[in-house]
Each structure stands twice: as structure tokens, then as C-alpha cells.
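Notes to accompany the following structure.
Numbering (our numbering), first residue to last: 2 to 540.
Here it is in C-alpha cells:
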């Protein structure tokens, strides 16, 4: 395997979180790990939850019930839990109130941080204010805000009271926002007077108002003051965030939830039709996210994690839940990668001492277009791991990221899954060598394969990425549209999740993605996807 670009050192392997799991269960090698966790997924999910220390109000009695079929599998039956207990409450009880929860850098270079104690108090105030407005278990709450620290508190406050949050990208217009809020019947919308982008305020409240007028179920709009600009407020409906929580106590009860009680509906636009509301539940999402952030990204409490994202993309909730579960400080960034300086992103990375950095290939292609001295002048010596998601890589950009940002010493944990599973089908683990652009192999506890058009496994050629067994975090259908859910994922191959990606497993067992199957054309009889076309265009 001469095309290996990175190998873990013995020290890296020894200190990896997944190595602890392997030792505990007598697993000797990476291939054995992947095979065992795919062959017996029920064993894996139980063992993983015990290894990382997920806490339950009441233990589950059955890991998996798939008696109604793959598409409607249920997990952790009998268990009672709340994500907020695992990500905030238990850390306060354990004496970690002073530990940094998150860091924030604004578009204007303002810097803030919140400790776990401060985050817990803010979450409590928001939870109490929501309850005072009559919001509780099962009610839908929209979040349409810029990436400020308070967005994380709103996120956890909704879960704390058993409400179901609808995170929406703050750059969307009124129509896209209204479609999502109306589909769910949202009662509350969190928004802001505006946001900051490239040194200028941008409108958010105007879009929120236009959307709210189209959604009769909205009875409260909570407005965070970000820009200080004049903001029209509708009497009886609109309140400013700071005034709304001002008189609320900081302590609030965390609701005890069933394992499969929903906490979030996050919409994926897909390629056709109206947005699909994917439904995610407390225990199952927590299981998938803490597996990935803990074992693949290998986070520790002493790390600083940074993945520029938005709450409307699954990576936002994924980061919030995963990092707080492990008490790993994470960095929120409001700005763009190249303003006001073309190397702004690298300044952020260096100044905050980031140790784990994830980003999309598109953003790297943007930064790569700048003179190389703009990245070479920065000190990234604290970095120990890189990550990526969102789309396939082209080799040139991948190697630039690996060499220029990671110094040729940091693995790229290139992960791929989707909003529908709030996690990944494929992901590397930092204990096994990497090839350029690889996703290495299946995530633990995921029985993944590559099928040809007849549903037979294919090796050495491009085929359909599929999942052959249920996984906890797979969406509980589409909100209000179970038929479309079945048509989307289960109509191509019998009892198999069809994800719509082209994948390839090479002769050494390394996995690669080649774009979406619905974005593919045939050229001279050969399937050609976006990754190949983009790579050719870059040459």
C-alpha cells in the first residue's frame, strides 16, 4: 500500500479513545473492530454506551426492536433519558461549573466564552421563560438566529423542557423558514434583530416577521439583540430575549424523556420536492453522536474543537451535543473565512489554540486559492486532528489541507452521512493508516456495503452506498410524510437503507465516495459524478 499518506504513531494509538474500547473487549485490530461491530450491532451499541458513560434516569431493557421492520426499528426500549442531563446537568453535579463550555468569536473579532455554570444558568432561564409561555413537552420551537453563544443555550433549553426544536439556517429567506415552521406547527420562534456578515449588519428579523405572518400557530417571537438596529416589534407576540429571561430563576427542572421521544426536527432539502423533516430522538441521537465525536474525532476534555458551521446544518447540533458530552470546549465562529483579512480563518484557528479542526472541502478550496504564505505564516502546532464533511474531496485540495494546515502529521477524519441519520455511515478512526481522500471504512455499529444495480455487493468498482441493518440515529420517518420516507430510502433495495451516494471499496479495503447518484451522468459508458467533474475542472 504505497499510497498510504498517514500512519498513526504508537502513542496516538495508545491514547485513542477507541483503543480503550478495543482493549476492554479483547479486540486486536482495526479490521476485527469494524467486522465485530457490524456483525453484532446490538452488542456494539450497548457496549459503547457503557464505555463512554451515558447516564439514564431509568435503564433500557431492550436494545433493539425491529419487529415492525427495518424502517420503523425502535431502540433502547424502557429507557428514560434527556440529552441535557448528559451534556450539562451531570457536569454541574460533578463540580465542573467553572470549566469552559464554549468560546465565541464574532464577525467583528469580539470574543466571549461561557463556562458550564454560566451555560447551565442561561439554559435554566430560557427553559423557565418557555414554560411561563405555556411551552412544554412535544411543542415545536423554531431557531432562526446567528451563531452567537445564546443559540446553544436556546438549543439545550428546548430539550430541557421536552420541546422539539426546529433549527433553521439564518441565511434562509422567509419562504423557506415559513415552510419549515408551518410543517411542524411551531409555537415559538427564536430570532435576532440581525446578524453580522463581512462587517455589515444583515437582516434576520424582517425575514422572521414575514415567515411568522404565514404560520398561524406562532404565538411568541423572541428577539436576540445582536446588532442594536431599530427593530419593529409586534405587541403581544414579540419580546426581546434579555427582557424575556430577566426575571426568571436560573434553576429549572430537566424533563425525564422516553428514549425515543423526539427533540429535534431538522429539514433536509434533498434534490426534489419540499424539504423533508427528519425526526430525531433523545437516546438514539445521543448514542450516534457521542460515538462519532468520542471515537472518530477522539475528543478529550483538554481539547479545543472548531468546526465552522450553522445550527441549520446537522454539524451544528452534532458539535453542540458531542463536545458538551465530553466537556470539550468548542469554538463558535460568526464570521466568514476571509474577512477582513484573507487569512481570517487561520488567525481564528491559531489565536484560540484549536486542537481539532473540521471544515468542508469547498471552504478549503476557497482558502487554497490564496497565496501559500497566508497559511504558512501561522502556528498550528497545537492541532492534532483534522476533519471534513459535506461533499467528496478532490485529491489536490485534500493534500493541501493535510500538508499546509495539518503539517503532514494530523489525520483527516473525513466523515460522511447525512441529516437523515444525524451522523455518519463512513468515518475513519485515528488508529489506522489513511489514503488520500479516503473515508477509511464504516462507522462502528453500522453495517454498510456497496451494491450494484441488482443489489449484489461490488468491490473495486463504483456502486450504491447502502446500510443493511438499522442504526439508532436514523430518522423516525419524515414529519407528516411516512410514505415519502419509505420511498426515499427503502424502495430501491429490499430491507436496506439506500442513501443515494456512489461509493467504491478499493483492493486494500479503503472506502471512497464519488458524489450523489442523482447527480451522476454517463460519459462514454462510465458513471461520472460531481467529484470527478470538479477535480477535472481544478486541473
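Heads up, the beta-carbon is just placed ideally off N, CA and C, and yes, glycines get one too.
Pair within 8 angstroms by beta-carbon distance, residue i and residue j
i: residue 347; j: residue 386; result: no
i: residue 331; j: residue 342; result: no
i: residue 444; j: residue 303; result: no
i: residue 325; j: residue 159; result: no
i: residue 465; j: residue 490; result: no
i: residue 312; j: residue 205; result: no
i: residue 222; j: residue 190; result: yes
i: residue 199; j: residue 337; result: yes
i: residue 396; j: residue 7; result: no
i: residue 442; j: residue 512; result: yes
i: residue 351; j: residue 307; result: no
i: residue 422; j: residue 297; result: no
i: residue 167; j: residue 183; result: no
i: residue 301; j: residue 329; result: yes
i: residue 45; j: residue 446; result: yes
i: residue 299; j: residue 17; result: yes
i: residue 196; j: residue 226; result: no
i: residue 476; j: residue 305; result: no
i: residue 247; j: residue 61; result: no
i: residue 82; j: residue 258; result: yes
i: residue 194; j: residue 230; result: yes
i: residue 425; j: residue 400; result: no
i: residue 78; j: residue 66; result: yes
CB-CB length for residue i against residue j, believed under 8 angstroms
i: residue 624; j: residue 130; result: No information on residue 624 is available, as it lies outside the stretch 2 to 540 that the chain covers here.
i: residue 127; j: residue 85; result: That belief does not hold up - the Cβ atoms of residue 127 and residue 85 are roughly 12 angstroms apart, past 8 angstroms.
i: residue 242; j: residue 151; result: 7 angstroms
i: residue 138; j: residue 255; result: No, residue 138 and residue 255 are not in contact; Cβ-Cβ is about 12 angstroms, not under 8 angstroms.
i: residue 455; j: residue 405; result: About 43 angstroms separates the two Cβ atoms, so there is no contact after all.
i: residue 518; j: residue 496; result: Actually they do not touch by this definition, with Cβ atoms about 19 angstroms apart.
i: residue 141; j: residue 185; result: 4 angstroms
i: residue 362; j: residue 398; result: 6 angstroms
i: residue 106; j: residue 349; result: 6 angstroms
i: residue 147; j: residue 116; result: The Cβ separation is near 22 angstroms, so there is no contact.
i: residue 315; j: residue 192; result: Contact flag wrong, Cβ pair sits at about 21 angstroms.
i: residue 42; j: residue 470; result: 5 angstroms
i: residue 402; j: residue 365; result: 5 angstroms
i: residue 463; j: residue 427; result: So it is not a contact: roughly 14 angstroms between Cβ atoms.
i: residue 104; j: residue 283; result: Contact flag wrong, Cβ pair sits at about 27 angstroms.
Residue burial classification, residue i (beta-carbon count within 10 angstroms, cutoff 16)
i: residue 267; result: buried
i: residue 478; result: buried
i: residue 522; result: Any reading at residue 522 is ruled out, since the residue's pLDDT is 48, under 50, leaving its predicted position unreliable.
i: residue 19; result: buried
i: residue 264; result: buried
i: residue 94; result: exposed
i: residue 5; result: exposed
i: residue 125; result: buried
i: residue 201; result: exposed
i: residue 323; result: buried
i: residue 548; result: One cannot answer for residue 548 here, as it falls past the ends of the chain, which runs 2 to 540.
i: residue 288; result: buried
i: residue 474; result: buried
i: residue 11; result: exposed
i: residue 174; result: exposed
i: residue 39; result: buried
i: residue 69; result: exposed
i: residue 541; result: Residue 541 lies beyond the stretch modelled for the chain, which goes from 2 to 540, so this question has no answer here.
i: residue 429; result: buried
i: residue 157; result: buried
i: residue 453; result: exposed
i: residue 407; result: buried
i: residue 509; result: exposed
i: residue 378; result: exposed
i: residue 483; result: exposed
At which residue ranges does the stretch 275 to 346 contain complete beta strand (DSSP E) runs of 3 or more residues, listed in the order of the chain?
277 to 282 and 331 to 334
Would you mind listing the beta strand (DSSP E) stretches within the stretch 382 to 453 that are 3+ residues and don't spill past its ends, in chain order?
386 to 389, 413 to 415, 417 to 419, 424 to 427 and 449 to 452
Segment contact, 8 angstroms Cβ cut-off, at least three pairs: the stretch 39 to 58 with the stretch 216 to 234
no
Those runs of the beta strand (DSSP E) which lie wholly inside the stretch 194 to 246 and span at least 3 residues
Those beta strand (DSSP E) runs which fall completely within the stretch 194 to 246 and span 3+ residues are 195 to 198, 201 to 204, 221 to 225 and 239 to 241.
Evaluate the contact criterion for the stretch 108 to 116 versus the stretch 238 to 249: three or more CB pairs, one atom per stretch, below 8 angstroms.
Taking 8 angstroms as the limit for Cβ pairs, the verdict is that the stretch 238 to 249 does not touch the stretch 108 to 116.
Uninterrupted beta strand (DSSP E) stretches inside the stretch 481 to 525 (no shorter than 3 residues)
Complete beta strand (DSSP E) runs here, min 3: 498 to 506, 512 to 517 and 522 to 524.
Does the structure place the stretch 354 to 373 close enough to the stretch 381 to 398 that three or more beta carbon pairs sit under 8 angstroms?
yes
For the stretch 176 to 188 against the stretch 212 to 223, are there 3 or more C-beta pairs whose distance is under 8 angstroms?
yes
May I ask you to verify whether the stretch 247 to 254 touches the stretch 66 to 83, counting CB pairs closer than 8 angstroms and requiring at least 3?
no
Every unbroken beta strand (DSSP E) within the stretch 110 to 153, with a cutoff of 3 residues, ordered by chain:
112 to 116 and 141 to 144
Along the chain, which unbroken stretches of the beta strand (DSSP E) at least 3 residues long are found entirely within the stretch 61 to 96?
63 to 66 and 75 to 78
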